[in-house]
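There are 2 protein chains.
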Amino acid sequence: MEGLFKAHEDTVVKDLGGGTTRRILAWNDQLMSVEVAFETGAVGADHTHPHTQLSYVLAGRFRYTVSGKSVEMKPGDSIVVPGNAVHGTVCLEAGTLLDVFTPAREDFLK
Amino acid sequence: MEGLFKAHEDTVVKDLGGGTTRRILAWNDQLMSVEVAFETGAVGADHTHPHTQLSYVLAGRFRYTVSGKSVEMKPGDSIVVPGNAVHGTVCLEAGTLLDVFTPAREDFLK
Numbered sequence: 000m001e002g003l004f005k006a007h008e009d010t011v012v013k014d015l016g017g018g019t020t021r022r023i024l025a026w027n028d029q030l031m032s033v034e035v036a037f038e039t040g041a042v043g044a045d046h047t048h049p050h051t052q053l054s055y056v057l058a059g060r061f062r063y064t065v066s067g068k069s070v071e072m073k074p075g076d077s078i079v080v081p082g083n084a085v086h087g088t089v090c091l092e093a094g095t096l097l098d099v100f101t102p103a104r105e106d107f108l109k
Numbered sequence: 000m001e002g003l004f005k006a007h008e009d010t011v012v013k014d015l016g017g018g019t020t021r022r023i024l025a026w027n028d029q030l031m032s033v034e035v036a037f038e039t040g041a042v043g044a045d046h047t048h049p050h051t052q053l054s055y056v057l058a059g060r061f062r063y064t065v066s067g068k069s070v071e072m073k074p075g076d077s078i079v080v081p082g083n084a085v086h087g088t089v090c091l092e093a094g095t096l097l098d099v100f101t102p103a104r105e106d107f108l109k
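Same order as they appear, the protein sequences are chains A and B. In this text, residue positions in the first sequence follow numbering that gives the first Met the number 0: the first is 0, and each later residue adds one. In this text, residue positions in the second sequence follow numbering that gives the first Met the number 0: the first is 0, and each later residue adds one.
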């Protein structure tokens with residue numbers, strides 16, 4: 000099961016700056032899971048990528064925008080971002096998103 | 000954003016029997032997210048499907064088996080199940096898995 004199981008304590012915290020950090024969790028070529036932690040007020044700037052993304056709120060509150068439409072998200076809420084859709088978020092209360100991508104974000108491994 | 004955002008309180012609980020329930024969260028054709036809640040001792044029997052799956056422990060403890068190899072999982076731990084790999088779980092302490100599939104599990108929509 001090499002590489003397919005990931006204990007949380009074995010993940011590495013990467014500081015993305017601006018009050019955000021990322022941990023890469025379990026992944027293979029088809030699916031990659033990451034936790035992104037935000038301080039209150041931290042921003043995930045609008046961006047696009049060809050990968051389809053799912054975001055699930057583990058903790059905190061977020062204003063999340065996809066293709067110009069915004070929703071407020073709380074723990075347990077989830078959203079799909081189609082490939083190439085412009086999306087971004089603002090953290091309203093410190094917390095963490097679980098983001099899952101298909102296929103894997105190879106750019107995160109560099 | 001029709002169908003792409005799902006507030007947790009708008010999801011529907013489906014009783015799967017044997018101490019397990021499922022909620023379908025946000026999904027599109029490429030990614031589907033579901034929460035599966037287990038009572039202590041409840042079993043997700045060994046099974047296969049062609050979809051690649053990621054399981055993330057939201058709460059509780061689980062013994063999770065993929066292709067005959069088992070690990071014990073706690074909150075924050077994650078695992079990828081390759082397509083067609085035999086997998087199953089036993090809940091050691093009541094809790095919830097977040098499962099994400101690619102592509103969507105159309106059989107869950109019937």
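Just so you know, even glycine gets a beta-carbon here, dropped at the ideal spot from N, CA and C.
Buried versus exposed, by CB contacts within 10 Å (16 or more), residue i
i: A:Lys-5; result: buried
i: B:Ser-66; result: exposed
i: B:Ala-44; result: exposed
i: B:Asp-76; result: buried
i: A:His-86; result: buried
i: A:Leu-53; result: buried
i: A:Gly-40; result: exposed
i: B:Phe-107; result: exposed
i: B:Thr-101; result: buried
i: B:Thr-47; result: exposed
i: B:Gly-94; result: buried
i: A:Glu-1; result: Any reading at A:Glu-1 needs caution, since the residue's pLDDT is 44, under 50, leaving its predicted position unreliable; the model's value is listed next. Its Cβ having fewer than 16 others within 10 Å, A:Glu-1 is exposed.
Three-way DSSP call (helix, strand, coil) for residue i in this model
i: B:His-46; result: strand
i: B:Leu-108; result: helix
i: B:Glu-8; result: helix
i: A:Leu-53; result: strand
i: B:Leu-96; result: strand
i: B:Val-85; result: coil
i: B:Gly-67; result: coil
Close beta carbons around residue i, own chain, < 6 Å, minus the five adjacent residues each side
i: B:Thr-20; result: Val-12, Asp-14, Ala-36
i: A:Asp-38; result: The question names Asp, but residue 38 of chain A is Glu in the sequence shown. Around A:Glu-38: Gly-18, Ala-93.
i: A:Glu-31; result: Checking the sequence shown, residue 31 of chain A turns out to be Met, not Glu. Taken in chain order, the residues that qualify are Phe-100, Ala-103, Arg-104.
Nearest to residue i (by Cα), restricted to the options the options
i: B:Gln-29; options: A:Leu-96, A:Ala-103, A:Gly-40; result: A:Ala-103
i: A:Ala-25; options: B:Thr-101, B:Pro-49, B:Ile-78, B:Cys-90; result: B:Ile-78
i: A:Thr-51; options: A:Glu-71, A:Val-70, A:Pro-81, A:Met-72; result: A:Pro-81
i: A:Asp-98; options: A:Val-33, A:His-7, A:Asn-27; result: A:Val-33
i: A:Arg-62; options: A:Leu-96, A:Phe-100, A:Ile-23; result: A:Leu-96
i: A:Asp-9; options: B:Met-72, B:Leu-3, B:Ala-84, B:Lys-109; result: B:Met-72
i: A:Asn-27; options: A:Gly-94, A:Leu-3, A:Cys-90; result: A:Leu-3
i: B:Pro-112; options: B:His-7, B:Leu-91, B:Glu-92, B:Ala-84; result: Because chain B here runs from 0 to 109, residue 112 of chain B falls outside it and cannot be looked at.
i: A:Thr-88; options: A:Val-42, A:Lys-68, A:Ile-23; result: A:Val-42
i: A:Arg-60; options: A:Ser-69, A:Val-70, A:Leu-91; result: A:Leu-91
i: B:Lys-109; options: B:Ser-69, B:Lys-68, B:Ile-23; result: B:Ile-23
Per DSSP, the bridge partner or partners of residue i
i: B:Gly-16; result: B:Thr-19
i: A:Thr-101; result: A:Thr-51
i: A:Ala-58; result: A:Thr-95
i: A:Ala-41; result: Note: A:Ala-41 sits in no beta bridge, so no partner.
i: A:Ala-114; result: Nothing can be reported for residue 114 of chain A, as the shown portion of chain A is limited to 0 through 109.
Own chain, CB closer than 7 Å to residue i, minus 5 neighbours either side, in chain order
i: B:Pro-74; result: Val-56, Leu-57, Ala-58
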